[in-house]
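Start counting at 1 in the sequence shown, then tack on 10, and there's your number in the numbering used here. Here the structure is laid out as structure tokens; the discussion comes afterwards.
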Amino acid sequence: MENLKQIWPCHLPTVEKNNVSMLRVISVRSCDSLTNIFPDNPLPMLNNLEVIKVYYCGSIESIFNIDFETVSEMDGYISRLRSITVDYLSNLRELWRMSGVNNSNILINGFQGVQSITISGCKRFKDIFTPVTTSFDLYALINYTADEVFRVT
Numbered sequence: 011m012e013n014l015k016q017i018w019p020c021h022l023p024t025v026e027k028n029n030v031s032m033l034r035v036i037s038v039r040s041c042d043s044l045t046n047i048f049p050d051n052p053l054p055m056l057n058n059l060e061v062i063k064v065y066y067c068g069s070i071e072s073i074f075n076i077d078f079e080t081v082s083e084m085d086g087y088i089s090r091l092r093s094i095t096v097d098y099l100s101n102l103r104e105l106w107r108m109s110g111v112n113n114s115n116i117l118i119n120g121f122q123g124v125q126s127i128t129i130s131g132c133k134r135f136k137d138i139f140t141p142v143t144t145s146f147d148l149y150a151l152i153n154y155t156a157d158e159v160f161r162v163t
């Protein structure tokens with residue numbers, strides 16, 4: 011699906027968020043025009059998601075885009091996400107892109123169940139998450155592999 015630009019619209023109605031939230035595995039391959047996997051602030055959609063696999067999608071710069079100025083669902087949210095695998099995303103810069111974080115007391119714990127992150131062949135990969143003045147909890151992480159990752163200077 012080389013011409014696919016988005017999987018879901020930027021803003022999903024509540025009914026559609028509930029339907030999508032039943033997904034346990036998302037696997038995307040060879041979608042070079044795809045700019046994002048999820049709409050902004052995807053947390054309500056990820057209730058049951060356990061695995062994300064994204065391969066050979068040349069336009070994706072980040073997997074999760076979270077804007078804290080507009081997100082209200084972060085409090086109390088805990089994901090079942092356990093595994094993230096990204097391979098050959100030529101424009102990937104970070105897994106989590108965060109904006110609007112101005113409070114160093116915010117603890118981002120919605121992804122504390124992630125156990126495995128594998129990144130390979132992502133030439134522009136820079137950070138797991140946007141550097142922010144807050145705490146990002148990856149407490150359960152036991153496997154982090156980054157192969158063929160080249161730093162942009």
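The C-beta atom is built at its ideal place from N, Cα and C for all residues, glycine as well.
Neighbourhood of residue i by C-beta distance below 6 Å, restricted to the same chain and skipping five residues each side
i	result
W18	P49
S130	D97, D157, E158
L99	C67, I70, C132
Coil, strand or helix - residue i by DSSP
i	result
V162	Note on V162: pLDDT 47, under 50, position unreliable in the model; no value is reported.
R39	strand
R134	coil
Supposed close pair residue i, residue j - CB separation, criterion 8 Å
i	j	result
V35	V61	5 Å
Sequence-distant residues of its chain with Cβ nearer than 7 Å to residue i (five each side left out)
i	result
N101	G68, S69, I70, E71, R134
M32	N58
E79	G110
P124	Reading off the sequence, residue 124 comes out as Val, not Pro. Contacts found: L91, R92, I94, L148, A150, L151.
Identity of the residue in the options nearest residue i by Cα
i	options	result
T95	Y66, L56, F78, K15	Y66
T155	T140, K136, L56, I127	I127
G120	T140, F146, D137	F146
L44	F139, M11, M55, F74	M11
> In the segment 48-75, which residue ranges form an unbroken beta strand (DSSP E) of at least 3 residues, counting only runs that do not cross its ends?
Replying inline: 61-65
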